[in-house]
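This report concerns only the one structure given below.
Residue numbers (my numbering), protein chains in the order written: chain A, 27 to 699; chain B, 14 to 169.
Put into structure tokens, the structure is as follows:
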């Protein structure tokens with residue numbers, strides 16, 4: 027290789043050029059995407075197989091180029107190349123390597139590069155695994171996918187170039203925001219983006235189907251795994267962010283209804299709705315146009331989320347004015363794809379005629395109710411998120427919409443969903459009798475009511491929150507178990523239990539995810555209802571009692587970390603005269619940015635976490651110490667991960683593999699209609 | 014309102030420089046547990062004006078501390094919860110409320126959810142009625158080959 031280039035080849039020079047190669051690769055990816063957006067679409071319209079065939083290699087090529095580009099930026103970060111402006115602003119030579127890598131997406135430009143990298147990853151996967159798709163549908167979907175790519179390449183190259191060099195290279199960088207230096211947050215954006223961008227595949231399928239003018243059971247079966255994958259990633263990403271907030275922000279909050287959080291929550295809700303409505307299309311050929319609409323909206327909300335976060339328009343209207351170019355660009359992308367998609371939808375939706383007939387009480391109608399609740403709750407979050415902006419612009423009223431509003435406005439939907447879900451999940455398709463369908467659920471209902479009553483009797487305060495949460499949680503978990511058990515059919519108990527293991531993975535996935543929702547609801551309610559807190563000035567070796575433990579602040583010392591100084595306390599926890607653990611809450615000051623952060627110390631337990639935060643030294647000696655008893659926090663992580671796991675199980679179901687892999691021959695002969 | 018915005022600009026810098034003062038401090042806590050718990054509840058509904066989406070109960074900012082003390086002062090002086098909130102809103106504007114009031118244009122915000130739910134239920138009810146009444150019709154649009162293929166897939 028070296029020989030071929032000639033004797034002027036200088037490895038050092040090439041290494042120094044890697045950043046420029048990365049920039050160039052991104053431009054090449056953009057041109058590839060332009061070709062991919064146009065050629066296969068024309069090919070599909072005119073039924074030219076050669077033109078349609080361009081889509082698959084082009085998708086692979088795009089992925090290759092963005093991979094190079096992303097790799098080049100990562101290289102610049104890892105080698106601390108401070109001549110690159112982005113590296114200079116967001117990295118520092120003293121930072122641990124892990125955070126040098128995660129620094130790549132810990133900023134606007136890099137995160138947008140990650141966005142397109144993941145977009146092309148999904149495009150390539152669609153090309154690789156879409157072997158049995160009808161060629162027309164595949165070509166059109168890949169075209170739409172590439173069109174989304176073109177818009178974002180434009181955005182990056184024209185407004186947010188991560189590869190910009192500095193004329194004068196500084197000696198060292200300015201460092202990454204210290205609160206972002208946490209393993210949970212390091213992995214949070216990639217998963218979130220896998221979710222956001224994964225919904226682009228559903229979007230592409232929806233647009234392709236609108237162009238073709240038909241949606242059938244097979245279409246739903248192709249779309250569902252992609253949506254499921256996106257939803258699982260999104261769930262995982264949101265949980266990581268929540269866990270980060272819990273362990274890093276210093277008072278153990280898990281969800282703040284911040285606009286940025288809502289931005290990820292809205293697509294999650296709509297993706298959940300889409301998952302369920304796609305089942306109706308797949309099994310019963312109904313709800314077609316609604317499913318298409320959801321696919322457009324779910325990706326639309328991903329774009330809205332990107333807009334909200336990237337333009338800064340929600341944190342402050344003025345932040346938007348500081349950098350209108352980027353905000354307007356994303357707004358244009360949003361308008362183009364969501365607006366364009368909706369216009370196409372309006373023109374073509376009437377062609378999607380439903381075929382399935384079903385009664386007012388049926389699995390279908392239960393899934394319709396599920397969709398109503400998920401979609402309307404998403405709408406509530408949306409209105410609450412943009413209301414400060416709307417109110418300021420249209421009513422000249424500057425106001426805030428915070429957690430108290432969302433708690434009040436959103437919770438009823440969760441309660442309604444929790445009450446209805448186990449019944450809906452067990453209803454037969456087509457036509458059902460409520461009384462008959464409910465019968466197997468009676469033990470679950472009695473058990474849940476009993477547990478709630480017990481909690482009501484045992485708790486000290488008279489809050490309804492805990493018991494209601496426990497009722498919903500138990501109802502959902504036992505309901506999911508009942509659902510699984512009824513799937514085993516009739517016969518002796520032993521035979522039914524044996525059949526349980528052989529149930530399709532989709533059935534297990536459904537039960538695990540639904541039970542996970544129950545566990546999550548119970549955890550949130552428990553945390554709200556039964557949290558305890560202690561704030562005091564603690565003196566050294568002066569024990570105090572809290573939440574059944576004896577706390578002793580033993581000493582406070584200074585510790586030097588790799589890129590921070592820390593004040594670390596040793597707090598010994600004893601219970602019944604026995605040592606339990608020594609917690610070490612810290613206050614850190616990161617040397618580069620001089621920013622203070624708190625590192626809470628958490629004693630994780632199944633029933634409750636003990637959470638200790640170190641405050642300031644007091645004038646009269648001693649330190650402020652805040653201790654919390656946080657019930658059921660572990661259950662929150664378990665419950666949400668169960669939801670993700672349920673999605674994963676469902677994704678691994680045999681029918682998707684069969685649909686995705688085998689029997690290609692059967693479809694080859696089918697002409698596009 | 015404009016005055017408030019102008020006043021906030023320098024405050025943001027003060028907070029960033031002031032650094033670590035963590036949420037409710039031991040010296041702020043009122044002796045009367047009932048009053049204190051009322052103060053905590055009120056604090057959770059008030060926004061820290063210089064922070065991003067934080068209530069004054071959780072905020073580390075100096076201004077939040079001042080507000081927390083103000084709330085407690087008013088409570089000790091014998092104000093009811095509503096009077097305390099009104100007092101704070103009079104001085105800092107509506108922006109301080111994390112739970113927007115229902116009056117005026119905000120009715121749109123509060124009614125959005127229930128209205129959308131009602132509308133969605135009516136529309137889906139009509140849809141379900143149509144589907145349950147629609148005459149059964151034979152599958153159309155698919156070719157015989159596709160029907161066979163579909164059956165094959167759905168069998169699994």
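All C-beta atoms in this analysis are idealised placements derived from N, C-alpha and C, irrespective of residue type, glycine included.
Residues of chain D with CB closer than 8 Å to the CB of residue 518 of chain A, please, in chain order. The structure shown contains no chain D; its protein chains are A and B.
Per-residue burial, residue 698 of chain A [other beta carbons within 10 Å of its own, 16 or more giving buried]: Model confidence at residue 698 of chain A stands at a pLDDT of 37, short of 50, so the residue's coordinates are unreliable; what they give is reported in the following sentence. So residue 698 of chain A counts as exposed.
Using 8 Å for Cβ pairs, my map puts residue 526 of chain A next to residue 510 of chain A. What's the rounded Cβ distance? 7 Å
Rounded to a whole number of angstroms, what is the C-alpha to C-alpha distance between residue 153 of chain A and residue 162 of chain A? 13 Å
Please report the distance separating the alpha-carbon of residue 151 of chain B from that of residue 456 of chain A. Caution is warranted here: a pLDDT of 49 is assigned to residue 151 of chain B, below 50, making its placement in the model unreliable, and no coordinate value can be reported.
Considering only residues of the segment 506-552 of chain A, which uninterrupted alpha helix (DSSP H) runs meet the minimum length of 4 residues and lie entirely inside it, listed in chain order? The alpha helix (DSSP H) runs of length 4 or more contained entirely in the segment 506-552 of chain A are, from start to end of the chain, 519-527.
Give me the DSSP bridge partner(s) of residue 324 of chain A. Note: residue 324 of chain A sits in no beta bridge, so no partner.
Quick one: give me the first and last residue of the alpha helix (DSSP H) that residue 389 of chain A is part of. That run of the alpha helix (DSSP H) goes 389-421.
Residue environment, residue 124 of chain B, which counts as buried when at least 16 other CB atoms sit within 10 Å: exposed
When you compare the CB positions of residue 210 of chain A and residue 294 of chain A, do they come within less than 8 Å of one another, or not? no
Inter-residue CB distance, residue 651 of chain A and residue 579 of chain A (contact presumed, cutoff 8 Å): So it is a contact: roughly 6 Å between Cβ atoms.
Tell me, to the nearest whole angstrom, how far the beta carbon of residue 319 of chain A is from that of residue 360 of chain A; I am working on the premise that it is less than 8 Å. In fact, because the Cβ distance is near 16 Å, the residues do not count as touching under 8 Å.
For residue 608 of chain A, which residues in the same chain have their Cβ closer than 6 Å to its Cβ, ignoring the five residues on either side in sequence? 596 and 598
I'd like the list of long-range same chain contacts for residue 145 of chain A, defined as Cβ closer than 7 Å, with 5 residues on each side in sequence excluded. 174, 175, 178, 223 and 226
Nearest by alpha-carbon distance to residue 378 of chain A: which of A:332, A:493 and A:239 is it? A:239
Interface residues of chain A around residue 125 of chain B at Cβ under 8 Å? Within chain A, the residues near residue 125 of chain B are 405, 406 and 409.
Determine whether the Cβ of residue 327 of chain A lies closer than 8 Å to any Cβ atom of chain B. no
Measure the CB-CB distance between residue 60 of chain B and residue 108 of chain B and report whether it falls below 8 Å. yes
Are residue 188 of chain A and residue 135 of chain A touching if we call contact CB-CB under 8 Å? The Cβ atoms of residue 188 of chain A and residue 135 of chain A lie closer than 8 Å to each other.
Throw me the rounded Cβ distance for the residue 395 of chain A and residue 446 of chain A pair, which I believe falls under 8 Å. The pair is a contact, with the Cβ atoms about 6 Å apart (cut-off 8 Å).
Between residue 145 of chain B and chain A, is the shortest Cβ-Cβ distance under 8 Å, so that the two count as touching? So, interface residue.
Under 7 Å Cβ to Cβ from residue 686 of chain A, same chain only, skipping five residues before and after it: list those, please. Bear in mind that the predicted position of residue 686 of chain A carries a pLDDT of just 46, short of 50, making it unreliable; the figure below should be weighed with that in mind. Result list for residue 686 of chain A: 155 and 158, in chain order.
In chain order, what residues of the segment 46-62 of chain B put their CB closer than 8 Å to some CB of chain A? Residues 57, 58 and 60.
For my contact list, residue 150 of chain A and residue 89 of chain A are in at a C-beta cut-off of 8 Å; report their separation, rounded to the angstrom. 4 Å
Shortest alpha-carbon distance to residue 180 of chain A belongs to which of A:502, A:166 and A:142? Nearest of A:502, A:166 and A:142 to residue 180 of chain A, Cα basis: A:142.
Ends of the beta strand (DSSP E) at residue 38 of chain B? It is not in any beta strand (DSSP E) - residue 38 of chain B carries neither H nor E in the DSSP assignment.
Please determine, among A:197, A:243 and A:231, the residue with the shortest C-alpha to C-alpha distance to residue 162 of chain B. A:243
Nearest-angstrom Cα separation, counted from residue 233 of chain A out to residue 126 of chain B: 29 Å
So that I know if they touch, is there some Cβ in chain A lying closer than 8 Å to that of residue 34 of chain B? In this prediction, residue 34 of chain B scores a pLDDT of 43, lower than 50, which makes its location untrustworthy; the coordinate-derived value is nonetheless stated afterwards. Yes, its Cβ sits closer than 8 Å to a Cβ of chain A.
Whole-angstrom distance between residue 433 of chain A and residue 96 of chain A, CA atom to CA atom: 40 Å
On the DSSP bridge list, what partners appear for residue 560 of chain A? A:653
Between the CA atoms of residue 636 of chain A and residue 561 of chain A - distance to the nearest angstrom: So the alpha carbons of these two residues sit roughly 14 Å apart.
Which residues, in order along the segment 412-430 of chain A, keep a beta-carbon less than 9 Å from a beta-carbon of chain B? Listed in sequence order: 413, 414, 416, 417, 420, 421, 422, 423, 424, 425, 426, 427, 428, 429 and 430.
Let me make sure I understand the geometry here. Which of A:664, A:662, A:633 and A:613 has the alpha-carbon closest to that of residue 276 of chain A? A:613
Spatial neighbours of residue 429 of chain A in its chain, beta-carbon cut-off 7 Å, leaving aside the 5 residues before and after: 282 and 283
Below 8 Å on C-beta distance, what does residue 394 of chain A contact in chain B? 137, 140 and 141
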